[in-house]
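Peer 1:
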Amino acid sequence: MISNIVPEDARYLSSTQYRLWSFTPADLQALRTTTNQFAADRVREAVRRAREARALSSADVSDADPESKSRGASALPEGEVDCLTVEEELKLITYFCRQTLQLGDHLNLPTDATAVQYIKRFYTTNSLMTYAPDTILRTALFFATKTENHYFRLSKFAEAIANTKPEDVLASEFLLTQGLRFTFDVRHPFRALEGAVMEMGAMAQGAVPYNESAGSQPQDMSRRVKIAHGVARDRLKTSALLTDVYFHFTPSQIMMASLLLADEELIHWYIASKFGTEDPMAQKILIVLSDCAGMLQTIEPVAAGPTTERKAISALAKKLKKCRNPEKIDLVALQKVKREGDGVEDEKVIKKRKMEREKVAREADELFGPGLTTG
Amino acid sequence: MSRLKSQSTALTDDPLNDICPVCKSNRYLNPTLQFLINPECYHKMCSTCVDRIFTSGPASCPVVGCGKTLRKKGFHKAFFADLKIERECDIRKRVGAVFNRREDEFESLSSWNDYLEMVEGLIFDLVEGTMKEKAKAEETLRAHRAANAKEIEDNKRAGLEAKDVELQREREEKEAVRQRRLAILREQEEDKLDVEKERREMLERLARGDGDANAITKHAQKVILKKSSARRNLAESNFADTANGSAPSNLSIRGLKKKVAPKAELAYDPFGGLDLKPARYTLQSSYENEWLDNAKNNTLHMAGGYSMNEYYSRTMFEAFSGLGIFIGDQVVEKSLPAAPATIGTVGAAEAAGGRLRQEMNTDDVF
Chain A
1 MISNIVPEDA RYLSSTQYRL WSFTPADLQA LRTTTNQFAA DRVREAVRRA
51 REARALSSAD VSDADPESKS RGASALPEGE VDCLTVEEEL KLITYFCRQT
101 LQLGDHLNLP TDATAVQYIK RFYTTNSLMT YAPDTILRTA LFFATKTENH
151 YFRLSKFAEA IANTKPEDVL ASEFLLTQGL RFTFDVRHPF RALEGAVMEM
201 GAMAQGAVPY NESAGSQPQD MSRRVKIAHG VARDRLKTSA LLTDVYFHFT
251 PSQIMMASLL LADEELIHWY IASKFGTEDP MAQKILIVLS DCAGMLQTIE
301 PVAAGPTTER KAISALAKKL KKCRNPEKID LVALQKVKRE GDGVEDEKVI
351 KKRKMEREKV AREADELFGP GLTTG
Chain B
1 MSRLKSQSTA LTDDPLNDIC PVCKSNRYLN PTLQFLINPE CYHKMCSTCV
51 DRIFTSGPAS CPVVGCGKTL RKKGFHKAFF ADLKIERECD IRKRVGAVFN
101 RREDEFESLS SWNDYLEMVE GLIFDLVEGT MKEKAKAEET LRAHRAANAK
151 EIEDNKRAGL EAKDVELQRE REEKEAVRQR RLAILREQEE DKLDVEKERR
201 EMLERLARGD GDANAITKHA QKVILKKSSA RRNLAESNFA DTANGSAPSN
251 LSIRGLKKKV APKAELAYDP FGGLDLKPAR YTLQSSYENE WLDNAKNNTL
301 HMAGGYSMNE YYSRTMFEAF SGLGIFIGDQ VVEKSLPAAP ATIGTVGAAE
351 AAGGRLRQEM NTDDVF
C-alpha cells in the first residue's frame, strides 16, 4: 500500500505532525497513563519533602520567614495526596482548552487553534499536577502568535489578561517549547476545508471534470456545499480542537469527516468522484472518516461547555489545587533562580564581571581605544 | 652551475667538508674541488688526489690505518652526503641483486614475509654487524649466489622484462595522448575552416543579390549551427567507441581493478525526491470563493504580489494531503524492517514507543 503513495501523502509524511505527533489511540492512552503515574509519584515525593522541611522550620520558630511559612502551609494538603486520574486530567485539559479558545476570541487572536494544539501536545508528556494549566495556557496562546506570524506585543498581551505580568507569560516559554519537542508546525484542517469547498463549488458549476462512475451530482449541490461549509467550519473550530482527532487523523481526514457530519450524501459522492466507487482506498477512507466523525461527535460544536459538567469541573479544579506539585508552583521564581544562579557564591563573579565591564568602558573612552593586550 | 652548487655547499656545510683529508687542499682556493669515494672503504678524497694516486694502477688507500687496495675505476661521487647511508644503499643494491625473488613466487604471504625478514637480517648484519657477523653474512651471500645462479639470472631477466613492459606501456600512453590532442586540434581547425567557408558563401550570395538578405543570413547561421552540433555528436560517439575498444589491450598488468565508469550525477533535487505534482486533483486557474472576491478586486491587496494561484494550490494541496494516510496502519508498517517508505518512518514509531517515556524520566528545565 505504501509503495504507490501519492505525492500529497508523501509530503504529509515528512511533516513533524506526522512524525512526532501522530499516535494510535492505544499508544496515546499508554503515553498519558505513564505521564500521569510519573507525575503522581513526583507529587507525593515533593509533598513528603515539603512536609519534612516544614517540620524542621516549625521546630525553630525564631528565624522562620513568616511569608514563606504561611504560603507553604496553605499549599500543603493534609494526609495522603489524592492525585488526579488520567480521565480527570483529560476533562480538565478540555476545559482549559475551551478557556483558551474563549481567551483567544476575547483578544481577537486567530491563532488560538494552534495554541490549543500546543496545550494538548504539551500535556501528553507533562501532567496538570506538575505544571498549572492556567499559566501554560497563557504562554501557549502568546507563543502561538509568534509561530503563526501574528505579532502581538507582550506587554499588551499581559495587560489584556487579568492578573498577568509579562514574566508570568515568559517563565514557562522554554518549558513549553521543550514539551512540544521543538516542533511548532501544526497542520490545521481549516485551509483544507476551503480547498474542498472551492472544488465542490466548481464541480457543481461543471468547471471541474469528475469521475462519471460516481453517478450524477447530488441535487441542488452548490447550495448544499455552502451549508455544509458553514456547519463543518463550526465543527473544526470547536470539536476538532477539543477532541484528540489531531493526534489520530490527518488534517485532510478531519476536514472530510466534519463535512461528512454536515452532509453525508455529498461527501460520499465527492469521495466516489475522486476514487471511483469500487476502489479499496475509497472504502478504507470512508471507514476512517466515519471513525473520525464519531470522535468529533463526542463534543458538541458550541463555544461554551455543557452546563451539566460545570459542577464536576469545579470539583476537579479543587482537587487539582490539592495535588499540585509544591516545587513547581512558582515558575517565575524557578526561572529566576535558573537564570541568575543561587545568588550566594555567584555574587563574587557578578562583581568581577561588573568591574571588568567598567574597565572596558573606561578604556574605550581613551584617545586610542583600549589596549591591545587582552586578559 | 657546478660553481654555484659548490658555493652553496660551502655556505651550508661545516668546514671539514671543504678540505680534502689527503692533500688538505681547500675549496676556498680551488672552487671546483670535488670529492670522490670508493665503496671498498668509503674514505673521501678529492678528484685530484684520486688522479694523482691511482692513475698508475691499484694502490693502497692513503688514509692512515686503512690500507685497502683501491682502483681508480671504483671511485665515484657520493649520492648522499652521509656516507653511512651511501654505504647501506650500496649494500642493499648488492644483496638485492642476489636475493631477487618476487612475491608471486611464494605460496603464502607469511612465507614471503619470512623471506623478506631473512634478507633484511642479512643486510643488517652487513651494515651494522661486527667483523665476525659481517664475514658470516658475506659467506651466506656468496653461497646463495653460487647455489642459485640460474634462478637469480632468471629473476633478473623477469624483472627487466617487467620494467620494459612498464616503459612500453608508458610510451604507448603518451603516444595516445599526443594523437588525441592532435586530432582535437585538427578538428578545431576544420571547424574554423568550415565556418569561414560558409560565411564566405553567404557573403557572396549577398553580393550577388539573389533573395532576401535576412533570409540568407538566417539560413547560413542555421547551417553552421547544424554542422557544428553534428560534429559534436560524432566526436562524442567516437570517443565512446575508443573508450570501449581500448579496454582489453593492457593484459600484462596484474591485480589492477576493473575500471567502472562513474555514475552520471543526477541533477540536484531540492525536495529530496518528493513529487510536487498533485495526483488527487487538477488545479484550476480560478475558483469561486466569496471570501476571495474582495481580495481579487482590490488593487491594494494584489499590489504586493499576492497570488491567487498560490492560495488555490495551497488550499487544494492541504485538502488532499494525507487523506490516504491511516495512522494506525502506518505505525504498524513502520515497525516492519522492509517497509519501502523512506520518508518520516523514524518519528512516529519512536514517539509512540519508548523514547518519550525515557524523556519523561529526565528532569525538566527547572
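Line order of the protein sequences matches chains A and B.
The first sequence lines up with residues 1 to 375 when you count with full-length UniProt numbering.
The second sequence lines up with residues 1 to 366 when you count with full-length UniProt numbering.
Virtual Cβ for every residue (Gly too), placed ideally from N, Cα, C.
With a threshold of 8 Å between beta-carbons, can S307 of chain B be considered close to chain A, or not?
Peer 2: As a first step, residue 307 of chain B is located in the second sequence; it is residue number 307 there, counting from the start. With respect to chain A, the C-beta atom of S307 of chain B has no partner C-beta closer than 8 Å.
Peer 1: In its own chain, which residues sit with a C-beta less than 7 Å from the C-beta of L289 of chain A, not counting the 5 before and 5 after it?
Peer 2: Counted from its first residue, the first sequence places residue 289 of chain A at position 289. Answer for L289 of chain A: Q253, M256, A257, L260, listed in chain order.
Peer 1: In three-state terms, what does DSSP make of M45 of chain B?
Peer 2: Residue numbering aside, residue 45 of chain B sits at position 45 when the second sequence is read from its first letter. For M45 of chain B, the secondary structure class from DSSP, reduced to helix, strand or coil, is strand.
Peer 1: What residue does the alpha helix (DSSP H) around M281 of chain A start on, and which one ends it?
Peer 2: Counting from one through the first sequence, the residue named residue 281 of chain A turns up at place 281. Taken as a continuous stretch (DSSP letters only), the alpha helix (DSSP H) holding M281 of chain A covers 280-296.
Peer 1: Rounded to whole angstroms, what's the CA-CA distance from A146 of chain B to A78 of chain B? Just pull it up for me.
Peer 2: Here residue 146 of chain B refers to the residue found at position 146 when the second sequence is read from its first residue. Here residue 78 of chain B refers to the residue found at position 78 when the second sequence is read from its first residue. So the two alpha carbons sit approximately 30 Å from each other.
Peer 1: Any C-beta of chain B within less than 7 Å: which residues of the region 185-201 of chain A qualify?
Peer 2: R191, A192, E194, G195, A196, M198, E199, G201
Peer 1: Name the chain B residues whose beta carbon is nearer than 9 Å to that of K274 of chain A?
Peer 2: Along the first sequence, one-based indexing puts residue 274 of chain A at 274. By Cβ distance, chain B contributes R280, Y281, F320, L323.
Peer 1: Can you check whether the CB of I119 of chain A is closer than 8 Å to the CB of I161 of chain A?
Peer 2: Counted from its first residue, the first sequence places residue 161 of chain A at position 161. Counted from its first residue, the first sequence places residue 119 of chain A at position 119. Not in contact: I161 of chain A and I119 of chain A (Cβ atoms no closer than 8 Å).
Peer 1: Using the beta-carbon of each residue, which ones in chain A are nearer than 7 Å to residue 371 of chain B?
Peer 2: Because chain B in this structure spans residues 1 to 366, residue 371 of chain B falls outside the shown range and cannot be described.
Peer 1: Is there a Cβ of chain B sitting closer than 8 Å to that of I93 of chain A, yes or no?
Peer 2: Indexing the first sequence from 1 puts residue 93 of chain A at position 93. Taking Cβ atoms only, chain B never reaches closer than 8 Å to I93 of chain A, which makes this a no.
Peer 1: Using three-state DSSP, classify N26 of chain B as helix, strand or coil.
Peer 2: By one-based count along the second sequence, residue 26 of chain B stands at place 26. In this structure, N26 of chain B counts as strand in the three-state DSSP scheme.
Peer 1: Using the Cα positions of Q283 of chain A and A144 of chain A, report the straight-line distance between them to the nearest angstrom.
Peer 2: What you label residue 283 of chain A is simply residue 283 of the first sequence in a count that begins at 1. What you label residue 144 of chain A is simply residue 144 of the first sequence in a count that begins at 1. Whole-angstrom Cα-Cα distance: 37 Å.
Peer 1: Does Y268 of chain B pass the burial test, meaning 16 or more other C-beta atoms within 10 Å, or should it be called exposed?
Peer 2: Residue numbering aside, residue 268 of chain B sits at position 268 when the second sequence is read from its first letter. Y268 of chain B is exposed by the Cβ-count criterion.
Peer 1: If I measure Cβ to Cβ from D105 of chain A and keep anything under 8 Å in the same chain, skipping five residues before and after, which residues do I get?
Peer 2: Taking the first sequence and counting its residues from 1, one reaches residue 105 of chain A at position 105. Cβ neighbours of D105 of chain A beyond the five flanking positions: D112, A303.
Peer 1: Count the other CB atoms within 10 Å of the CB of D27 of chain A; is the residue buried (16 or more) or exposed (fewer)?
Peer 2: By one-based count along the first sequence, residue 27 of chain A stands at place 27. Looking at its Cβ environment, which holds 16 or more other Cβ atoms inside 10 Å, D27 of chain A is buried.
Peer 1: Are the region 37-52 of chain B and the region 65-79 of chain B in contact at 8 Å, needing three or more beta carbon pairs?
Peer 2: Flag = yes, the region 37-52 of chain B and the region 65-79 of chain B touch.
Peer 1: Within this structure, are the beta carbons of L33 of chain B and C49 of chain B separated by less than 8 Å?
Peer 2: Stepping through the second sequence from its first residue, residue 33 of chain B is reached at position 33. Stepping through the second sequence from its first residue, residue 49 of chain B is reached at position 49. Against a cut-off of 8 Å, the Cβ pair of C49 of chain B and L33 of chain B comes out as no contact.
Peer 1: Using a Cβ-Cβ cut-off of 8 Å, state whether N289 of chain B counts as contacting chain A.
Peer 2: Taking the first residue of the second sequence as position 1, residue 289 of chain B is located at position 289. True, the Cβ-Cβ gap to chain A drops below 8 Å.
Peer 1: Comparing alpha-carbon positions, which option in A:R181, A:T183, A:L180, A:S155 lies nearest L170 of chain A?
Peer 2: If you number the first sequence from 1, residue 170 of chain A lands on position 170. Of A:R181, A:T183, A:L180, A:S155, the residue nearest in Cα terms is A:S155.
Peer 1: Using a Cβ-Cβ distance cut-off of 8 Å, determine whether K296 of chain B contacts chain A.
Peer 2: Within the second sequence, the letter at position 296 stands for residue 296 of chain B. No, because no Cβ of chain A sits closer than 8 Å to the Cβ of K296 of chain B.
Peer 1: Could you confirm whether any beta carbon from chain A is found closer than 8 Å to the beta carbon of residue 407 of chain B?
Peer 2: Past the boundaries of the shown model lies residue 407 of chain B; chain B is included only from 1 to 366, so the question cannot be answered.
Peer 1: How would you list, in chain order, the residues of chain A whose beta-carbon sits under 7 Å from the beta-carbon of M316 of chain B?
Peer 2: Residue 316 of chain B sits at position 316 when you count from the first residue of the second sequence. What M316 of chain B touches in chain A: G195, E199.
Peer 1: Three-state secondary structure (DSSP) at F35 of chain B?
Peer 2: Numbered from 1 along the second sequence, position 35 holds the residue referred to as residue 35 of chain B. If DSSP states are grouped into helix, strand and coil, F35 of chain B belongs with the strands.
Peer 1: Comparing C-alpha positions only, which one of A:F174, A:L176, A:Y270, A:T298 sits nearest to L286 of chain A?
Peer 2: Counting from 1 along the first sequence, the entry for residue 286 of chain A is found at position 286. The option with the nearest alpha carbon to L286 of chain A is A:Y270.
Peer 1: Alpha carbon to alpha carbon, how far is A295 of chain B from M198 of chain A?
Peer 2: As a first step, residue 295 of chain B is located in the second sequence; it is residue number 295 there, counting from the start. As a first step, residue 198 of chain A is located in the first sequence; it is residue number 198 there, counting from the start. Going by the C-alpha atoms only, they are around 16 Å apart.
Peer 1: Express the C-alpha separation of P262 of chain B and K226 of chain B in angstroms, rounding to a whole number.
Peer 2: Counting from 1 along the second sequence, the entry for residue 226 of chain B is found at position 226. Counting from 1 along the second sequence, the entry for residue 262 of chain B is found at position 262. Computed Cα separation, rounded: 30 Å.
Peer 1: Under 7 Å Cβ to Cβ from Q335 of chain A, same chain only, skipping five residues before and after it: list those, please.
Peer 2: Taking the first residue of the first sequence as 1, we reach residue 335 of chain A at position 335. A171, listed in sequence order.
Peer 1: Using 8 Å as the threshold, is the C-beta distance between K274 of chain A and R314 of chain B below it?
Peer 2: Residue 274 of chain A sits at position 274 when you count from the first residue of the first sequence. Residue 314 of chain B sits at position 314 when you count from the first residue of the second sequence. Contact: no.
Peer 1: Within the region 49-114 of chain B, note down every full alpha helix (DSSP H) run reaching 4 residues or more, in order along the chain.
Peer 2: Runs found: 83-98.
Peer 1: Between V47 of chain A and M129 of chain A, is the Cβ-Cβ spacing less than 8 Å?
Peer 2: The residue given as residue 47 of chain A occupies position 47 in the first sequence. The residue given as residue 129 of chain A occupies position 129 in the first sequence. Not a contact, by the Cβ cut-off of 8 Å.
Peer 1: Do you know how far the Cα of K321 of chain A is from the Cα of I267 of chain A?
Peer 2: As a position in the first sequence, residue 267 of chain A is number 267, starting the count at 1. As a position in the first sequence, residue 321 of chain A is number 321, starting the count at 1. Each residue's Cα considered, the two are about 46 Å apart.
Peer 1: For S15 of chain A and R324 of chain A, what's the separation of their Cα atoms in angstroms?
Peer 2: The residue labelled residue 15 of chain A in the question sits at position 15 within the first sequence. The residue labelled residue 324 of chain A in the question sits at position 324 within the first sequence. Here the alpha carbon of S15 of chain A sits roughly 35 Å from the alpha carbon of R324 of chain A.
Peer 1: Measure the C-alpha to C-alpha separation of Y42 of chain B and M131 of chain B and round it to an integer number of angstroms.
Peer 2: Start at 1 with the first residue of the second sequence, and residue 42 of chain B comes out as number 42. Start at 1 with the first residue of the second sequence, and residue 131 of chain B comes out as number 131. Our two residues, Y42 of chain B and M131 of chain B, have alpha carbons roughly 17 Å apart in a direct line.
Peer 1: What are the start and end residues of the alpha helix (DSSP H) that includes F368 of chain A?
Peer 2: Locating residue 368 of chain A in the first sequence gives position 368, counting from the first residue. No alpha helix (DSSP H) holds F368 of chain A; DSSP gives it neither H nor E.
Peer 1: Based on the DSSP secondary-structure assignment, which residues constitute the bridge partners of I19 of chain B?
Peer 2: Here residue 19 of chain B corresponds to residue number 19 of the second sequence, with the count starting at 1. In DSSP, I19 of chain B forms a bridge with B:N26.
Peer 1: Kindly indicate if chain B contains any beta-carbon less than 8 Å away from that of A53 of chain A.
Peer 2: For the purposes of this step, residue 53 of chain A is taken as the residue at position 53 of the first sequence. Chain B contact via Cβ: absent.
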